[in-house]
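K.L.:
Heads up: the sequence lines are chains S and R, in that order.
150 is the number that our numbering gives to position 78 of the first sequence; each next residue is one higher, with no gaps.
107 is the number that our numbering gives to position 35 of the second sequence; each next residue is one higher, with no gaps.
Glycine included, every Cβ here is placed at the ideal spot set by N, Cα and C.
There are 2 protein chains.
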Amino acid sequence: MSDVARIAFPPPDKTNGKRLAKAVERAGEEFAAKNLRFTKLRQMVYEEIAATYASIGAYEILARLADKGTRVAPISIYRAIDALLEAGVIHRLESKNAFFACRRMDHRTGRRPLFLSCEKCGAVGEVDGQHIFDLIGEAAVGAKFQARVKFVEVQGLCPRCAAGGGKE
Amino acid sequence: MSDVARIAFPPPDKTNGKRLAKAVERAGEEFAAKNLRFTKLRQMVYEEIAATYASIGAYEILARLADKGTRVAPISIYRAIDALLEAGVIHRLESKNAFFACRRMDHRTGRRPLFLSCEKCGAVGEVDGQHIFDLIGEAAVGAKFQARVKFVEVQGLCPRCAAGGGKE
DNA sequence: GACCTTCCGTTACACGATATCATGACGGTC
DNA sequence: GACCGTCATGATATCGTGTAACGGAAGGTC
Ligand SMILES: [Zn+2]
Ligand SMILES: [Zn+2]
Ligand SMILES: [Zn+2]
Ligand SMILES: [Zn+2]
Chain S
73 MSDVARIAFP
83 PPDKTNGKRL
93 AKAVERAGEE
103 FAAKNLRFTK
113 LRQMVYEEIA
123 ATYASIGAYE
133 ILARLADKGT
143 RVAPISIYRA
153 IDALLEAGVI
163 HRLESKNAFF
173 ACRRMDHRTG
183 RRPLFLSCEK
193 CGAVGEVDGQ
203 HIFDLIGEAA
213 VGAKFQARVK
223 FVEVQGLCPR
233 CAAGGGKE
Chain R
73 MSDVARIAFP
83 PPDKTNGKRL
93 AKAVERAGEE
103 FAAKNLRFTK
113 LRQMVYEEIA
123 ATYASIGAYE
133 ILARLADKGT
143 RVAPISIYRA
153 IDALLEAGVI
163 HRLESKNAFF
173 ACRRMDHRTG
183 RRPLFLSCEK
193 CGAVGEVDGQ
203 HIFDLIGEAA
213 VGAKFQARVK
223 FVEVQGLCPR
233 CAAGGGKE
């Protein structure tokens, strides 16, 4: 597997406590850098999202927290999600109404990523798509359309699943 | 306004019975060409979608049909929508969970359209985006990702609304 | 007619998201 | 300490989107 493929699609379930702790720490730094509060609830919600490379729905997060003894209302999950989105540590998959943790802390280079979502294992990868967003902007200009929000999402098979390595 | 802009973004409300009848007729031809049945329900659902240039949700269609005396269950609306999607006479906007009528009967040239959705008036336009989809395909190949379904959607202001001509 | 396939009606439910109002925690100010 | 503004959270209810399962109706085919 090439480097870019490995980076974009690590194993979907490697929960690895150490890696997760590292991700939480980086998320905390992002919050601090933006003068946002990384509260207990936000951290718990983030941990559920970051514990998997797959995308996860709000109610799935709710259920997992409930299993661990933390029972909260849907609205609380969504408020936490909003904060995480604002901090830029998670992304929303429009085509699935679900969320996943950002694995690339380099968005502020200004280059936008495009999302690759595996239909078999659920893993979501991000690859650079700046040139594509540029082209979309040009197409909009050509139509006299004032573009504000653009999203590009691709569904298919990740390298692992395409090779038959995904969970059956 | 340029030609391309006018074509992509006609007035969102020009319901014009004659134009609608023409659209229904063309939709019927599409169904026939694909050996699908353009049933009464499908035609009614199509008429509600095609009666506006804006996108419309399934339950909004449901409500409008109910107002006209036709009361059906959500599942029936969705089944009709599935058939209309399969016939290619409507499209789905993933970012809004809504549907709109296709105004370009030239997709089978093989060139895929790009959806431009106005945040103010709701109108949805289509412009050629084949080169963009090609580029996305290349990006996926670079990540060893086997792409199957690609979504590209843009939200912003249509030419009319950007110029202050949309309904306030 | 009998047969088969597709479409539709009904019921019930799962999942996604928001409105509204109330409570609590924290920091600053007087 | 008492007051106040802001933000985060809690509680309840409701709305919006989408599907499963089953049975019956409609339409083509022989
Ligand atoms: Zn990211
Ligand atoms: Zn996979
Ligand atoms: Zn179209
Ligand atoms: Zn508009």
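Distance check for S/PHE217 and S/ARG114, CA to CA, integer angstroms please.
P.N.:
C-alpha separation (whole angstroms): 37 Å.
K.L.:
Where does S/ASP200 land, buried or exposed, given buried means 16+ other C-beta within 10 angstroms?
P.N.:
With 16 or more Cβ atoms within 10 Å of its Cβ, S/ASP200 is classed as buried.
K.L.:
Say whether chain S places a C-beta atom closer than 7 Å to the C-beta of R/ARG78.
P.N.:
Confidence is the limiting factor: at R/ARG78 the pLDDT is only 48, short of 50, which leaves the residue's position unreliable, though a coordinate-based value still follows. Not closer than 7 Å to any Cβ of chain S, the Cβ of R/ARG78 fails to qualify, so no.
K.L.:
To the nearest angstrom, report how far apart S/GLU119 and R/ARG220 are at their CA atoms.
P.N.:
Distance between the alpha carbons of S/GLU119 and R/ARG220 is about 30 Å.
K.L.:
Check whether the region 173-191 of chain S and the region 138-148 of chain S touch, using three or more Cβ-Cβ pairs below 8 Å as the test.
P.N.:
Not touching, per the Cβ criterion.
K.L.:
Note down, in chain order, every chain R residue with its Cβ under 9 Å from the Cβ of S/GLY197.
P.N.:
The answer, in chain order, is ALA215 and PHE217.
K.L.:
Expressed to the nearest angstrom, what Euclidean distance is found between the alpha-carbon atoms of R/LYS192 and S/CYS174?
P.N.:
When rounded, the distance between both Cα atoms is 30 Å.
K.L.:
Residues of chain R with CB under 9 Å from S/ALA211, in chain order?
P.N.:
By Cβ distance, chain R contributes LEU186, LEU188, VAL199, ASP200, GLY201, HIS203, ILE204 and VAL226.
K.L.:
Which of helix, strand or coil does DSSP assign to R/GLU56?
P.N.:
Any answer about residue 56 of chain R is impossible in this case: the structure gives chain R only from 73 up to 240.
K.L.:
Going along the chain, which residues of its own chain have a beta-carbon closer than 7 Å to the beta-carbon of S/MET116, five neighbours each way excluded?
P.N.:
Same-chain partners within the cutoff: LEU137 and THR142.
K.L.:
When DSSP builds the beta bridges, which residues end up paired with R/VAL221?
P.N.:
Partner(s): S/GLN227.
K.L.:
Within 10 angstroms of its Cβ, does R/VAL224 collect 16 or more other Cβ (buried), or is it exposed?
P.N.:
The residue in question, R/VAL224, is buried, as its Cβ has 16 or more Cβ neighbours within 10 Å.
K.L.:
When Cβ atoms are compared, which residues of the region 130-161 of chain S fall closer than 7 Å to chain R?
P.N.:
From the region 130-161 of chain S, no residue has a Cβ closer than 7 Å to chain R.
K.L.:
I'd like the list of long-range same chain contacts for S/VAL161, defined as Cβ closer than 6 Å, with 5 residues on each side in sequence excluded.
P.N.:
Excluding residues within five positions, the ones whose Cβ falls inside 6 Å are ALA99, GLU102 and CYS174.
K.L.:
Need the endpoints of the beta strand (DSSP E) that S/ILE147 sits in, please.
P.N.:
Looking at the DSSP string, S/ILE147 is not in any beta strand (DSSP E); the run it does join, the alpha helix (DSSP H), is 146-159.
K.L.:
Is there at least one non-hydrogen atom of ligand 2 closer than 6 Å to the beta-carbon of S/ARG232?
P.N.:
For ligand 2, at least one heavy atom lies less than 6 Å from the Cβ of S/ARG232.
K.L.:
Please report the straight-line C-alpha distance between R/ASP206 and R/GLY214, rounded to a whole angstrom.
P.N.:
Distance between the alpha carbons of R/ASP206 and R/GLY214 is about 13 Å.
K.L.:
Determine, using beta carbons only, whether S/GLY129 and S/ALA170 come nearer to each other than 7 Å.
P.N.:
Going by C-beta atoms, S/GLY129 is nearer than 7 Å to S/ALA170.
K.L.:
Let me know the beta strand (DSSP E) ranges lying completely inside the region 188-216 of chain S, each 3 residues or longer, listed in chain order.
P.N.:
Segments of the beta strand (DSSP E) lying fully in the region 188-216 of chain S: 196-200.
K.L.:
Take R/ARG25 as the anchor and find which of R/GLU158, R/LEU229, R/LYS90 and R/GLU198 has the nearest alpha-carbon.
P.N.:
The shown model of chain R, from 73 to 240, leaves out residue 25 of chain R, and the question about it has no answer.
K.L.:
I want to verify the contact list: residues of chain S whose CB lies under 7 Å from the CB of R/SER167, in sequence order.
P.N.:
Here the neighbours are GLU166 and PHE223.
K.L.:
Check whether the Cβ atoms of S/HIS179 and S/PHE172 sit closer than 7 Å, and answer yes or no.
P.N.:
In this structure, S/PHE172 does not lie closer than 7 Å to S/HIS179 by Cβ.
K.L.:
Classify S/ALA173 as helix, strand or coil using the three-state DSSP reduction.
P.N.:
Note: S/ALA173 maps to strand in three-state DSSP.
K.L.:
Residues of chain S with a CB under 9 Å from the CB of R/ARG220: which are they?
P.N.:
Neighbours of R/ARG220 on chain S, chain order: GLU191, VAL226, GLN227, GLY228 and LEU229.
K.L.:
Can you name the residues of chain S whose CB is closer than 8 Å to the CB of R/ILE128?
P.N.:
By Cβ distance, chain S contributes nothing, its closest Cβ being about 18 Å from R/ILE128, past 8 Å.
K.L.:
Taking Cβ positions, are R/SER127 and R/VAL196 nearer each other than 7 Å?
P.N.:
Their beta carbons are under 7 Å apart, which means R/SER127 touches R/VAL196 by this criterion.
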